[in-house]
Every structure is written in C-alpha cells, then in structure tokens.
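Read the structure below first, then the notes.
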Amino acid sequence: MGSALHSCIIRLHEEHHALEDYQGGVPRWCSGCGDNAILAAVQRLCRDEDLAPERTVFVSGIGCSSRFPHYMKTYGFHGIHGRAFPLAEGVKMARPDLHVFVNTGDGDCCSIGAAHWIHAIRYNMNLTVILHDNHVYGLTKKQASPTSPVGLKSNTTPRGAVLEALNPLTVTLGVQNASFV
22 MGSALHSCII RLHEEHHALE DYQGGVPRWC SGCGDNAILA AVQRLCRDED LAPERTVFVS
82 GIGCSSRFPH YMKTYGFHGI HGRAFPLAEG VKMARPDLHV FVNTGDGDCC SIGAAHWIHA
142 IRYNMNLTVI LHDNHVYGLT KKQASPTSPV GLKSNTTPRG AVLEALNPLT VTLGVQNASF
202 V
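To get the numbering used here, take the position in the sequence shown, counting from 1, and add 21.
And the structure:
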C-alpha cells in the first residue's frame, strides 16, 4: 500500500480528544486570576486542534503562570526560573514531532530569562509561547516586574515604578528571524 494512502487510512481512524483529555490537576491560582482563563482557553485550543496529549508538552519556569504543566493532562516540565526556553528548545530538538508550548510570566521571561527569550526568537524554532503578563511578580505578591507601568506602586517600588514598561510584543517584533508573532 502506498505511503500516502496508508497515512490517509490511519488518519481516518485517529481518535478525537475531548476537553477532559487535557484537564489535569485542580488549579491553585487565586480566584479571579487571569491564569485560570488562559488555562481554559489553551485546553479548548488543544481539543479544537485535536493535539494528542501524548504528543504535547508544556514547559515552564518559575512563577504563578509556570504551574501550567501541573494543570494539563499532557507531558510537562516545570524548570528553573528563567530557563523555560532552553528546556523547550532541547525538547523540540530531541523530538521535533511533538507540539511544544512554553508558558512563562513577565518576570520569568522578561527579566531573568530575557536573553533566552530573545535568542529563542532568533532560533525561530516551532514553539508556541504563552506569556502571562500581569505587570507584576504575582507569586511574590506584587513586586514590580519589567512590564510594570511607570508609577505602579508595589512592595519594591513604594514610590512608584520609575522605568518605562518593557513591551514584550514590540521587543519580539524587533528581533529578526521570527516567522510568526
């Protein structure tokens, strides 16, 4: 049987996945946190795109957003602070057939992980990155982050943030070699 025909027949019998196939542990985020809505949207996306849970990986660093792999019934890796991109790149290089997602927060990505983020864009690997940007370090209870707006009063900036906020979208668009933003 020809390869194209065999692949077509296999595709006809592939299993379709329900929303429950992606729902892992019960989220422990604060009530009203936007991470809950992002999780629900990503679970629906995985279902709608029919991504096989056994061929899908969520990689994260440290922070509230980085609890994401615990709440997905897929493969997951919860790494160290600011290092989600190199970990995800390693997964993608070893297993290019997998759907690899990076979940990161504004602190994890735009502060300690900024160099890894920029170079991941340059490498233009087939990763899906979800940046949870709430303009503060949520896990440490409202410390200013690189994306905090000028004047934001926080535990670390009681008189208000003095630097202009870093805009992750314009930074990403400013790096050459990104194929899709």
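Ideal Cβ positions, reconstructed from N, Cα and C, are used throughout, including at glycine.
Query                                                                                                                 : Result
Cα-Cα separation between S81 and R180, rounded to whole angstroms                                                     : 32 Å
Contacting residues, own chain, Cβ-Cβ under 7 Å from L108 (five flanking each side not counted)                       : V80, F98 and G100
Those runs of the beta strand (DSSP E) which lie wholly inside the region 52-111 and span at least 3 residues         : 77-81 and 96-99
A165, DSSP secondary structure in three states                                                                        : strand
Within 8 Å, strictly: CB atoms of N219 and S166                                                                       : Absent from the model: residue 219. The displayed extent of the chain is 22 to 202, so no value can be given.
Nearest residue (CA-CA) to D69, options N188, D42, A135 and L184                                                      : D42
First through last residue of the beta strand (DSSP E) which encompasses T149                                         : T149 to H153
Beta-carbon proximity of G159 to G134, cut-off 8 Å                                                                    : no
Neighbourhood of N145 by C-beta distance below 8 Å, restricted to the same chain and skipping five residues each side : N198, A199 and S200
For E185 and G172, the rounded distance between their alpha carbons                                                   : 9 Å
Residues bridged to F122 [DSSP beta-bridge criterion]                                                                 : F79 and T149
Cutoff 8 Å; reference S132; Cβ partners in own chain excluding five residues on either side                           : G103, S166 and P167
Endpoints, the alpha helix (DSSP H) within which P189 is located                                                      : P189 to L194
For N147, the nearest candidate out of K174, F106 and P170 (CA to CA)                                                 : F106
Limits of the alpha helix (DSSP H) - the one that W247 falls within                                                   : Residue 247 cannot be examined here, being either before or after the span of the chain that is shown, 22 to 202.
Nearest candidate by alpha-carbon position, reference H37, set S175, S52 and D71                                      : D71
Assigned exposure category for A182 - 16 Cβ within 10 Å defines buried                                                : buried
Closest Cα partner of G126 within the set D154, M114 and L119                                                         : D154
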